[in-house]
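Structure record follows, encoded as structure tokens.
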DNA sequence: CGCTGACCCTGACGGC
DNA sequence: TGCCGTCAGGGTCAGC
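Numbering (this note's numbering), first residue to last: 18 to 270.
Right, here's the structure in full:
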């Protein structure tokens with residue numbers, strides 16, 4: 018889409034996580050997409066008039082189609098291009114969002130986000146400093162986007178297993194050297210997952226239309242009652258902050 | 001300010 | 001076959 022011009026925007030359903038603002042259909046048509054980028058899990062489509070911010074939520078997806086392809090159920094938005102192709106956004110659960118901002122990094126939802134996990138500024142020292150005095154569990158801590166972005170529920174469990182840290186351990190009670198290991202493990206898990214094309218549990222497909230393969234490398238996620246690859250004991254399942262959490266009670270302290 | 005739990009919504013699946 | 005309860009990979013927000 019980069020460098021292409023928007024011909025028209027069709028909004029069939031405005032009721033997403035937040036209502037789709039009229040700027041999307043009023044201002045986007047006629048604009049050239051200067052660049053595509055990303056901050057946290059928001060996809061950013063930058064134009065001279067402003068930036069469209071797209072979040073896929075839990076069940077959202079986008080794909081490139083011919084403009085005349087009939088819309089199916091849950092196909093909420095089409096961004097039609099002058100080329101005759103369109104970006105089609107589908108989201109059955111409507112937890113996703115499509116917003117508009119003159120300056121996205123100053124948008125209320127982006128301005129207080131923590132660092133990107135693969136950036137240089139995200140390291141053990143940062144995690145250690147940020148966590149002092151915090152009593153919340155380390156798993157909820159690393160899933161908190163104001164601490165660090167990009168660590169979702171699958172990777173949080175995986176990271177903590179590989180770092181040998183119990184998911185319920187209070188964030189503020191983890192020593193600096195373990196935080197260094199934790200930050201490095203977050204980076205390596207995300208890098209490996211990206212290299213594998215992501216994790217396809219049931220219906221995730223990457224931008225290339227291919228499923229991911231990282232699920233074949235999962236150590237604990239979804240493996241409750243199966244045996245730990247390291248010590249052979251049974252993987253445990255608990256709920257932390259309403260999210261399923263998998264871990265080995267012998268390998269993680 | 002930090003933390004917890006409720007909530008947003010649809011579809012898939014298992015048990016009966 | 002159908003109904004009901006449960007669960008799902010994300011994230012925000014009110015209220016304490």
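Note that beta-carbon positions come from the ideal geometry of N, C-alpha and C, so glycine has one too.
DSSP lists 64 as the bridge partner or partners of residue 67. Cβ-Cβ separation between residue 86 and residue 24: approximately 15 Å, too far for a contact (criterion under 8 Å).
At a Cβ-Cβ threshold of 7 Å, residue 237 and residue 206 do not count as neighbours.
Relative to the Cα of residue 67, the nearest Cα in the group 181, 239, 262 and 51 belongs to 51.
When the alpha-carbon of residue 31 is set against those of 64, 56, 106 and 19, the nearest one is in 106.
Taking each of 242, 135, 262 and 145 in turn and checking the Cα distance to residue 211, the smallest one comes out for 135. DSSP places residue 56 inside the beta strand (DSSP E), whose first and last residues are 52 to 56. For the pair residue 154 and residue 148, the Cα-to-Cα distance works out to about 10 Å.
Cβ contact annotation for residue 215 (same chain, cutoff 7 Å, sequence separation greater than five): 221, 223, 229 and 231, in chain order. Beta-bridge annotation (DSSP): residue 32 is paired with 36.
By the Cβ-count criterion, residue 95 is buried, with 16 or more other Cβ atoms from all chains shown falling within 10 Å of its own Cβ. Contact annotation: the region 72 to 81 touches the region 107 to 122, with at least three C-beta pairs closer than 8 Å. Residue 160 is positioned such that its CB atom lies closer than 7 Å to that of residue 168. DSSP places residue 156 inside the alpha helix (DSSP H), whose first and last residues are 155 to 159.
Shown here, residue 136 sits in coil according to DSSP, grouped into three states, outside any helix or strand. Annotation for residue 102: the continuous beta strand (DSSP E) segment containing it runs 102 to 107. For residue 111, there is no enclosing beta strand (DSSP E), since its DSSP letter is neither H nor E.
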